[in-house]
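*Asks:*
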Amino acid sequence: MRQGMLPIQVQIIPDGDGVTARAGAVLVYEAMLALGVPELVRRYIKLQERPGKHRDFDKLADLVMTLATGGECIEDSRALATDLGLWRLVGRKPASPETLRQFLYGFHDETLVMKAQQAAQARGLAAYIVEETKALRGLAQVNEAFIRRVVKRLRIKKATLDHDATIIESHKREAMAHYKGGVGYQPAAIYWCEADLVVGDEYRDGNVPAGMENLRLIQRGFAALPHGVRELYFRADTACYDVDVLKWLADESRPVGPSGPIGFAIGADMTNALATLCRAVPDQEWSVLDERTTETVSWAEVEFTPGNWSKTARPLRYLVIRIRKHQGELFAQGGDTKYLSVVTNRDGDGAKLIRWYWEKAGTIELVHDVMKNELGAGVPPCGRLGANAAWYRLSALTYNVLSVLRSLALPSEYEAARPKRLRAWVLTLPARVISHAGRLVMQMSASVEKLAGFVEARRRLYALMLRPAPA
């Protein structure tokens, strides 16, 4: 050996199914089995037209496992496919990248895109939201049913749903310009904080305004919740500051969605009328909320009514925020004072409500970061909108499967672990695969197994499969 090289000899063997570098990825697959995802896929997704060696669930599972183990495009499934020991454990061969690509294409329907374009042109609009195909909606139903099965076992009775849209940069020919100056897509998602689950999403072209037609997705988010969850809350930025959204949330007898109160806080547009009210608040009525290095943040409450608000409806509270730069400091747009506002139907201390609203920055925005940068959502696979929407939705499902592993199977030290940490400590466990007495046996060192609590995790997943969810 040359100086500086390790004294290692490399031998290439024809069959590598006796070892695996991703033994922990078996847990991802078994989590889907334990919670009945194969049956849900058969019920809601019917893309496979004739019998073949790969079912719709097989292809969905291959994509979820690719994303969970660090892949960010369809071609990355090739790396997973080379782990022959893993697929020996799974009990089948993986689908080819081309098979997976055709599976994603099945979620797209170009006639729906043309229909949306024509409807927008007739109304003189440049932006439009494309109706989802039956298969794409079926994929959402798989995720929603999966969520219900998980939460019944977690016995969570409270749901705070956070809504937000995000920009996904893309240079696909079909990608459209977005408000930040680039081109790409702008999907929106709803995240259930207490359960750590993505309960809804909608994939949109980049030129679709973040505030366009959000009520439908909000309703779907609440519809995904199990019936036993009765304490409901909602948070969103100014994209959801819409009278129809406010009315639906405030109406306890709402015809579509759960009955009863939904406590909400939404960023309000700083209109000229609202800004005038803010400037008119006397200095002594502002209460300090936060002292920062270069600015002071204060809050007050003003009386304001959004347009078209019913006179008989309960008035909403407008909590306004004043950010004032210290002497000599100015905002980029000039001036030393900026005003923001939050509209809410909740009672209680305004300062606490504002801080509760600000917590959204550490929930749904973090989920967007994880999905885009660690679970492949930031790399659209093609120029077909429906296929990209399915890819994004599969990223959300992958997020939820990993969340289930953390909450129901893995040791407590992984409760807040991001996917990249799960890969380092759990999913990429080395193991030997052998046959003994007609059964497959996975052999791994005691130190490796201890890191992930692998045996106990499998026992817990198996218990989930045997034990039906509480009613």
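Heads up: take any position in the sequence shown, counting from 1, add 310, and you land on the numbering used here. Here a beta-carbon is modelled for each residue, glycine too, at the ideal position from N, C-alpha and C.
1) Is it buried or exposed, TYR438, if we count other Cβ atoms within 10 angstroms and call 16 or more buried?
2) What does a CB cutoff of less than 6 Å around VAL612 pick up in its chain, not counting 5 residues either side in sequence?
3) Work out the CA separation of PRO571 and GLU541 for me, nearest whole Å.
4) What are the boundary residues of the alpha helix (DSSP H) that includes THR376?
5) On the DSSP bridge list, what partners appear for MET681?
6) I'd like to confirm the pairing. Which residues does DSSP put opposite MET486 in its beta bridges?
7) Below 7 Å between beta carbons: does that hold for GLU723 and ARG716?
8) How many whole angstroms separate the CB atoms of ALA341 and VAL765, which I take to be in contact at a CB cut-off of 8 Å?
9) From GLU562 to GLY346, what does the alpha carbon distance come to, in whole angstroms?
10) On a Cα-Cα basis, can you pick out the residue from LYS356, PHE417, ARG402 that is closest to CYS692?
11) At what residue ranges does the stretch 673-755 contain a whole run of the alpha helix (DSSP H), taking only runs of 4 or more?
12) Beta-carbon separation of VAL743 and MET752 under 7 Å?
13) Does the separation of the CB atoms of GLN840 and ILE477 fall below 7 Å?
14) From the DSSP output, read off the bridge partner residues of THR470.
15) Would you list, in sequence order, the uninterrupted beta strand (DSSP E) runs of no fewer than 3 residues that lie entirely inside the stretch 515-562?
16) Measure the beta-carbon distance from ALA687 to TYR667 and round it to whole angstroms, keeping in mind my assumption that it falls under 8 Å.
17) Let me know the alpha helix (DSSP H) ranges lying completely inside the stretch 379-426, each 4 residues or longer, listed in chain order.
18) Would you identify the three-state DSSP class for TYR513, choosing helix, strand or coil?
19) Among ALA546, ALA583, VAL508, ALA429, which one has its Cα closest to the Cα of ASN524?
20) Can you name, in chain order, every residue of its own chain whose Cβ lies under 7 Å from the Cβ of HIS364, other than the five neighbours on each side?
21) Would you list the one or two residues that DSSP bridges to ASP600?
22) Here's a check: name, in chain order, each residue in its chain whose Cβ is nearer than 6 Å to the Cβ of ARG768, leaving out the five neighbours to either side.
23) Can you tell me which of the three DSSP states SER651 falls into?
24) Rounded to the nearest angstrom, how far is the Cβ of ALA706 from that of ASP511, given a contact under 8 Å?
25) Can you tell me whether VAL460 is buried or exposed? The criterion is at least 16 other CB atoms within 10 Å of its CB, across all chains shown.
26) Would you mind reading off the limits of the beta strand (DSSP E) that contains TYR628?
27) Buried or exposed for ASN655, going by 16 or more other Cβ atoms inside 10 Å?
28) Report buried or exposed for ILE528, applying the criterion of at least 16 other Cβ atoms within 10 angstroms of its Cβ.
29) Can you tell me whether TYR501 is buried or exposed? The criterion is at least 16 other CB atoms within 10 Å of its CB, across all chains shown.
30) Taking one C-beta from the stretch 594-611 and one from the stretch 573-584 each time, how about it: are there three or more such pairs within less than 8 Å?
31) Buried or exposed: which applies to GLY516, given that a residue is buried once 16 or more other Cβ atoms fall within 10 Å of its Cβ?
32) Please go through the same chain and pick out, in chain order, the residues whose beta-carbon is closer than 7 Å to the beta-carbon of ARG388, but skip the five residues on each side of it.
33) Return the first residue and the last residue of the beta strand (DSSP E) that PHE574 is part of.
34) Relative to the C-alpha of VAL374, which candidate in VAL336, VAL652, GLU359 has its C-alpha closest?
35) Just the Cα atoms here: how many angstroms apart are LYS760 and LYS670?
36) Would you identify the three-state DSSP class for TRP502, choosing helix, strand or coil?
*Replies:* Looking at the atomic coordinates:
1) It is buried - the Cβ of TYR438 has at least 16 other Cβ atoms within 10 Å.
2) Sequence-distant Cβ neighbours of VAL612 in its own chain, meaning closer than 6 Å and more than five residues away, are LEU587, TYR628, VAL630.
3) For GLU541 and PRO571, the distance between alpha carbons rounds to 8 Å.
4) Secondary structure note for THR376: its alpha helix (DSSP H) is the uninterrupted segment 366-378.
5) DSSP lists no partner for MET681.
6) Residue pairing of MET486 in beta bridges, as defined by DSSP: GLY494.
7) Cβ distance not < 7 Å, so GLU723 and ARG716 don't count as in contact.
8) A Cβ-Cβ distance of about 15 Å is found for the pair ALA341 and VAL765, leaving them out of contact under the 8 Å criterion.
9) Here the alpha carbons of GLY346 and GLU562 stand approximately 34 Å from one another.
10) For the set LYS356, PHE417, ARG402, the Cα lying nearest the Cα of CYS692 is the one of PHE417.
11) As far as the stretch 673-755 is concerned, its whole alpha helix (DSSP H) runs of at least 4 residues are 674-684, 695-714, 729-732.
12) Yes, the Cβ-Cβ distance between VAL743 and MET752 is below 7 Å.
13) Nothing in the structure corresponds to residue 840, since the chain is present only between 311 and 781.
14) TYR543, per the DSSP bridge assignment.
15) Segments of the beta strand (DSSP E) lying fully in the stretch 515-562: 541-546.
16) With a Cβ gap of about 25 Å, ALA687 and TYR667 do not count as contacting.
17) Within the stretch 379-426, the complete alpha helix (DSSP H) runs of at least 4 residues are 387-391, 394-400, 407-415.
18) Note: TYR513 maps to coil in three-state DSSP.
19) Of the listed residues, the one whose Cα sits closest to ASN524 is ALA546.
20) Within the same chain, HIS364 has close Cβ partners ALA405, THR409.
21) ASP600 is bridged by DSSP to VAL607.
22) If the five residues before and after ARG768 are omitted, its C-beta is found closer than 6 Å to no C-beta atom of its own chain.
23) Strand, per DSSP.
24) With a Cβ gap of about 5 Å, ALA706 and ASP511 count as contacting.
25) Burial call: buried.
26) Residues 627-635.
27) Result: buried.
28) By the neighbour-count rule (16 or more Cβ atoms within 10 Å), ILE528 is buried.
29) Burial of TYR501 is indicated by the presence of at least 16 other C-beta atoms within 10 angstroms of its C-beta.
30) Cβ pair count under 8 Å is below three, so no.
31) Burial call: buried.
32) Counting only Cβ-Cβ distances below 7 Å, and skipping sequence neighbours, we find PRO407.
33) For PHE574, the enclosing beta strand (DSSP E) starts and ends at 572-577.
34) Among VAL336, VAL652, GLU359, the Cα nearest to that of VAL374 is on VAL336.
35) As the crow flies, the alpha-carbon of LYS760 is around 35 Å from that of LYS670.
36) Judged by DSSP in its simplified three-state form, TRP502 adopts strand.
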